[in-house]
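Below: the structure, in structure tokens.
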Amino acid sequence: MNVVVDTAGHMALKHAAIGEYGSEWQRWGEMLSSWPLWIGIICFCLEFVLWLMLLSMLPLSTGVLLTAFNTVAIMIAGRIIFHELLDPLRIIGIGLITLGVILVGSYA
Amino acid sequence: MKTRDFYVIGFGVLLVFDTLMQVSVKLASKQAGAFAMKLEWLLNVLHNPWLYGAAAGYLGAFVVWMTLLKRAPIGPAFAASHMGLIPVMAISVIYFGEHLSAMQVIGVLCITLGIVALSLSEAKNEVKHEV
């Protein structure tokens, strides 16, 4: 659940961010009145609640593993939805960061 | 602006806001005392300047993130945004006297290497074409 909501939230924000806008000010005005941005924000609020629920059931070190799933899910969703390039260097980079986050979180 | 400069400045500013947010939340919760379902506790928290530091950090990070996403691919960018852990950990060791285990140091190294790999990929792709 948490992974789905988080990924959806990030996709919505990305979608809002890449629209065609005139000036930078116009861009913010239109983004703030566009629905993907608010879907994104609602997703993050929901995710926050889910995260608190999860942490009340599991220790944080297990919860951190979820962050790893999020990172991978967002990488794959970006690839599918926005046709982002995934070269070996990017996959290695994302993998190393994810591993690092797990190590930092699990051995606190 | 060149993409490279855009990323360096963007992620740099994001790092500052992220760190401000995390440290503010830590300080605010430290000063708030134990959680209680009381109005007093809430008022105490609302009077804490660090709460507003945290809010400013969140808001700033949001603005910077939405600006970065104009060009940055979401997959690598989201992974790269975890580099905020590094200054936060440094501050937690220096100012809050927290202990860092060997595995955590290895974790920080992995994150750093990951960022390097992503930067190399960007540098390579910029020469070929913009993605």
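These protein sequence lines are chains A and B, in that order.
Heads up, the first sequence is in the working numbering, so the first residue is 766 and it goes up one at a time.
Heads up, the second sequence is in the working numbering, so the first residue is 125 and it goes up one at a time.
We put the beta carbon where it would ideally sit given N, CA and C, even for glycine.
- Does A:Glu849 come within less than 8 Å of chain B when only Cβ atoms are used? By this cut-off, A:Glu849 is an interface position.
- Query: Can you tell which of B:Asp142, B:Met213, B:Leu166, B:Phe202 has its C-alpha closest to the C-alpha of B:Gly177?
  - Reply: Residue B:Asp142 holds the alpha-carbon nearest to the alpha-carbon of B:Gly177 among B:Asp142, B:Met213, B:Leu166, B:Phe202.
- Straight-line CA distance for A:Gly794 to B:His223? The alpha-carbon of A:Gly794 is positioned some 45 Å away from that of B:His223.
- Since B:Gly177 is in the alpha helix (DSSP H), which residue starts that stretch and which ends it? Boundaries of the alpha helix (DSSP H) harbouring B:Gly177: 173–192, taken from the DSSP string.
- Message: Could you tell me the alpha carbon to alpha carbon distance between B:Ala134 and B:Leu192, rounded to whole angstroms?
- Response: The residue you asked about is not Ala; residue 134 of chain B is Gly in the sequence shown. Taking the straight line from one Cα to the other gives about 6 Å.
- Item | Chain-order list of residues whose beta-carbon lies under 6 Å from that of A:Gly734 (same chain, five-residue window excluded) | No information on residue 734 of chain A is available, as it lies outside the stretch 766 to 873 that chain A covers here.
- Establish whether the CB of B:Gly238 and some CB of chain A are separated by less than 8 Å. Taking Cβ atoms only, chain A reaches closer than 8 Å to B:Gly238, which makes this a yes.
- Would you give the residue range spanned by the alpha helix (DSSP H) that B:Pro211 belongs to? Element bounds for B:Pro211: 209–218.
- Message: When you compare the CB positions of B:Leu242 and A:Arg855, do they come within less than 8 Å of one another, or not?
- Response: The Cβ atoms of B:Leu242 and A:Arg855 sit closer than 8 Å to each other.
- Item | Meets three-Cβ-pair contact criterion under 8 Å: the region 833–843 of chain A and the region 187–207 of chain B | With a cut-off of 8 Å, the region 187–207 of chain B and the region 833–843 of chain A count as touching, because enough Cβ pairs lie within range.
- Could you tell me whether the region 225–241 of chain B touches the region 154–165 of chain B, using the rule of 3 or more Cβ pairs below 8 Å? Contact check between the region 225–241 of chain B and the region 154–165 of chain B: fewer than three CB pairs, one atom from each, fall below 8 Å, which does not count as touching.
- Below 8 Å on the Cβ atoms is my guess for A:Met796 versus B:Met125; work out the distance and round it to an integer in Å. Actually they do not touch by this definition, with Cβ atoms about 20 Å apart.
- Quick one: what's got a C-beta closer than 8 Å to B:Ala156's C-beta in the same chain, skipping five residues either side? Contacts found: Trp165, Asn168, Val169, Asn172.
- Query: Using a beta-carbon distance below 8 Å, is B:Met213 in contact with chain A?
  - Reply: It does: the Cβ of B:Met213 has a partner Cβ on chain A nearer than 8 Å.
- Query: Does the Cβ of A:His900 have 16 or more other Cβ atoms within 10 Å, making it buried, or fewer, making it exposed?
  - Reply: Because chain A here runs from 766 to 873, residue 900 of chain A falls outside it and cannot be looked at.
- Query: Do the CB positions of B:Met207 and B:Ile230 come within less than 8 Å of each other?
  - Reply: In this structure, B:Met207 keeps its C-beta atom at 8 Å or more from the C-beta atom of B:Ile230.
- Are A:Val770 and A:Glu812 touching if we call contact CB-CB under 8 Å? Cβ atoms of A:Val770 and A:Glu812: closer than 8 Å.
- Item | chain B residues whose Cβ lies nearer than 7 Å to that of A:Ile845 | Within chain B, no C-beta atom comes nearer than 7 Å to that of A:Ile845; the closest sits roughly 10 Å away.
- Message: Please report whether the beta-carbon of A:Thr863 lies at a distance below 8 Å from any beta-carbon of chain B.
- Response: It does; some Cβ of chain B falls within 8 Å.
- Message: I need the straight-line Cα distance from B:Val255 to B:Met161, nearest angstrom please.
- Response: Confidence is the limiting factor: at B:Val255 the pLDDT is only 47, short of 50, which leaves the residue's position unreliable, though a coordinate-based value still follows. Whole-angstrom Cα-Cα distance: 50 Å.
- Message: Can you give me the C-alpha to C-alpha distance between A:Leu817 and B:Asn249, rounded to a whole angstrom?
- Response: Cα-Cα distance, rounded: 39 Å.
- Task: List the whole-angstrom C-beta distance separating A:Cys808 from A:Ala773, where the pair is believed to meet the contact cut-off of C-beta under 8 Å.
- Result: Contact between A:Cys808 and A:Ala773 holds, with the beta-carbon distance rounding to 5 Å and staying under 8 Å.
- Query: Do you know how far the Cα of A:Leu868 is from the Cα of B:Leu244?
  - Reply: Their Cα atoms are separated by approximately 23 Å.
- Query: When we look at the beta-carbon of A:Ile862 and count the other beta-carbons within 10 Å, is it buried (16 or more) or exposed?
  - Reply: A:Ile862 counts as buried, since at least 16 other C-beta atoms from the protein chains shown sit within 10 angstroms of its C-beta.
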